[in-house]
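One line per chain: the protein sequences are Z and X, in this order.
Residue 0 is where the first sequence starts when you use numbering that gives the first Met the number 0, and the numbers rise one by one after that.
Residue 0 is where the second sequence starts when you use numbering that gives the first Met the number 0, and the numbers rise one by one after that.
Every residue gets a Cβ at the ideal spot worked out from N, C-alpha and C, and that includes glycine.
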Amino acid sequence: MSSGKGGVGKSVIAATLALILRRRGHRVGLLDLDLTSPATHLILGVEGLQPEEERGIIPPLAHGLSYMSIVFYAVDEPAPLRGADVSNAIIELMAITRWGELDYLVIDMPPGISDATLDMIRLTKGLSFLVVTTPSRVAFETVRKLLALLRDLEVPVIGVVENMVMKPSSRIRAQVEILGDTYLGSVTFDPRLEEALGDVERLMGTRFAKTLTQVASEAERRIM
Amino acid sequence: MNFCFSSHLKKSCHHHLLLVGVLTKNSCENKLSLGLLSLGMHEWALAEGVVSTVTRIAEEEGLEEITEVTVKIGELQQVERDILKFALDQMRTPIMKNAKLVLELVKAKLKCRVCGEEWLFSPDALSEEVSEAIHFVPEMAHVYLKCPRCGSPDFEVSEGRGVWLALVKGLKKDE
């Protein structure tokens, strides 16, 4: 789950999508790789969990998801990491985490096309990008660059989700299709979403989650 | 014929270990680049990485028997030397059967990017939770440690972050 910009809803979409896939019976992992600004633990209301140490670390289960985040180690302290530190920490996490058998590993990426994105492209086999944008030209301009990079590097893109849509428009869909990428769908801005964060049952009952279910089906169909 | 592989070890900013090997065979030196090698920090994963690299070096150099393996352990991650030694012993391959295993601790040196202060990492002062966090993800040092002079978390680990394979000695078949 990636985007050129922050604040477009990557983490909420990543966490909700992971839950949707889990409820469809898949074995799902969720990895929060936003090391300096992790958020999925707040969205899922994860408390009191810790990985188990067994020849590496085994992610704890959070609402049925194998869940890994830097918050297990940084807790709620700031983690001021430079690019090389981010790279090293990502390599460390990827090396020591024992996911076991999974159908999907949903990775919530930090925004942009910097260290974390380049490292994951460099080091991970079988990686596909699901890109999140908003209708804002400011967000889409950065997404366009991310999509261009992924095309140049021949990294598969599942498609683009348009989040926080306030009024219907086909502008983003048209621009995604001009780039030759797949528009997976739009998610209408849901004013009730914020109050549902941290409570998975309420989250899954929001209009946001219901719309995302259709996006998940389209994404699954594309992956298959 | 006695054969000695000694490597000049450099810490890579992206990996625990970068081996740029210089092969010493009598007086002749051949440059040997082994490229990047990633070793997971956990002791068993580390041991696996050491054994697989030693095996690869032995194959590449046509060694019949390994006589000595030296591993350097950076102090920052507080890798348990005894567990690593035990794991290495358990994983000995036939070619390493009689090899002497040397595990050396290397002090972790930190250098502040703001004021230039240099200091040594001292694990004794840390709580168990902090120790464990740094053990698993060494970059968590930036969460819990500060420059003793100016208080900044913006420092570099100039030495002693990872684990290095420092020396592989072995016997080579006479040509």
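Alpha-carbon to alpha-carbon, residue j and residue i
{"i": "Leu20 (chain Z)", "j": "Glu219 (chain Z)", "result": "9 Å"}
{"i": "Asp81 (chain X)", "j": "Arg160 (chain X)", "result": "18 Å"}
{"i": "Leu192 (chain Z)", "j": "Arg148 (chain X)", "result": "45 Å"}
{"i": "Met119 (chain Z)", "j": "Gly24 (chain Z)", "result": "27 Å"}
{"i": "Leu16 (chain Z)", "j": "Phe85 (chain X)", "result": "43 Å"}
{"i": "Glu194 (chain Z)", "j": "Ile72 (chain X)", "result": "48 Å"}
{"i": "Leu183 (chain Z)", "j": "Pro167 (chain Z)", "result": "15 Å"}
{"i": "Glu67 (chain X)", "j": "Thr123 (chain Z)", "result": "34 Å"}
{"i": "Arg54 (chain Z)", "j": "Ala57 (chain X)", "result": "26 Å"}
{"i": "Thr132 (chain Z)", "j": "Met93 (chain Z)", "result": "27 Å"}
{"i": "Ser86 (chain Z)", "j": "Gly47 (chain Z)", "result": "27 Å"}
{"i": "Glu52 (chain Z)", "j": "Glu128 (chain X)", "result": "14 Å"}
{"i": "Leu164 (chain X)", "j": "Val49 (chain X)", "result": "7 Å"}
Residues near residue i in its chain [Cβ-Cβ closer than 7 Å; skip 5 each side]
{"i": "Arg26 (chain Z)", "result": "Glu100, Leu101 and Asp102"}
{"i": "Arg55 (chain X)", "result": "none"}
{"i": "Leu146 (chain Z)", "result": "Val130, Val156, Leu178 and Asp180"}
Proximity below 8 Å, CB of residue i to CB of residue j
{"i": "Leu144 (chain X)", "j": "Leu62 (chain X)", "result": "no"}
{"i": "Ala46 (chain X)", "j": "Ile95 (chain Z)", "result": "no"}
{"i": "Ala14 (chain Z)", "j": "Leu34 (chain Z)", "result": "no"}
{"i": "Tyr66 (chain Z)", "j": "Ala132 (chain X)", "result": "no"}
{"i": "Gln89 (chain X)", "j": "Pro122 (chain X)", "result": "no"}
{"i": "Val162 (chain X)", "j": "Val70 (chain X)", "result": "yes"}
{"i": "Asp84 (chain Z)", "j": "Glu158 (chain X)", "result": "no"}
{"i": "Ile42 (chain Z)", "j": "Val7 (chain Z)", "result": "no"}
{"i": "Lys9 (chain Z)", "j": "Asp114 (chain Z)", "result": "no"}
{"i": "Val137 (chain Z)", "j": "Glu161 (chain Z)", "result": "no"}
{"i": "Phe128 (chain Z)", "j": "Leu152 (chain Z)", "result": "no"}
heavy atom of the ligand HEM below 7 Å from residue i C-beta
{"i": "Gly197 (chain Z)", "result": "The model depicted lacks the ligand HEM and carries no ligand whatsoever."}
Limits of the unbroken beta strand (DSSP E) element including residue i
{"i": "Thr175 (chain X)", "result": "Residue 175 (chain X) falls outside the range modelled here, since chain X spans only 0 to 174, and no answer is possible."}
{"i": "Glu217 (chain Z)", "result": "Here Glu217 (chain Z) belongs to no beta strand (DSSP E); instead the alpha helix (DSSP H) covers Arg206 to Ile222."}
{"i": "Ala165 (chain X)", "result": "Val162 to Lys171"}
{"i": "Lys110 (chain X)", "result": "Lys108 to Cys111"}
{"i": "Phe188 (chain Z)", "result": "Premise fails: Phe188 (chain Z) is in no beta strand (DSSP E) and is neither H nor E."}
Option in the options with minimal Cα separation from residue i
{"i": "Phe120 (chain X)", "options": "X:Met95, X:Val70, X:His141 and X:Ala165", "result": "X:His141"}
{"i": "Met165 (chain Z)", "options": "Z:Val142, Z:Pro134, Z:Val175 and Z:Asp31", "result": "Z:Pro134"}
{"i": "Ala107 (chain X)", "options": "X:Glu155, X:Phe135, X:Leu87 and X:Lys172", "result": "X:Glu155"}
{"i": "Val74 (chain Z)", "options": "Z:Glu51, Z:Val45 and Z:Arg97", "result": "Z:Val45"}
{"i": "Leu126 (chain Z)", "options": "Z:Pro190, Z:Lys209, Z:Val105 and Z:Pro77", "result": "Z:Val105"}
Limits of the alpha helix (DSSP H) - the one that residue i falls within
{"i": "Thr39 (chain Z)", "result": "Thr39 to Leu43"}
{"i": "Met203 (chain Z)", "result": "Val199 to Met203"}
{"i": "Leu83 (chain X)", "result": "Arg80 to Gln89"}
{"i": "Ile177 (chain Z)", "result": "Arg170 to Ile177"}
{"i": "Ile95 (chain Z)", "result": "Gly82 to Ile95"}
6 Å CB neighbourhood of residue i in its chain, flanking five on each side removed
{"i": "Val175 (chain Z)", "result": "Val159 and Tyr182"}
{"i": "Met40 (chain X)", "result": "Bear in mind that a pLDDT of 47 at Met40 (chain X), under 50, signals an unreliable position, so the number given afterwards is only what the model happens to contain. So the list reads Gln76, once near-sequence residues are dropped."}
Same chain only: Cβ atoms within 8 Å of residue i, ignoring 5 sequence neighbours per side
{"i": "Arg143 (chain Z)", "result": "Gly3, Gln174 and Leu178"}
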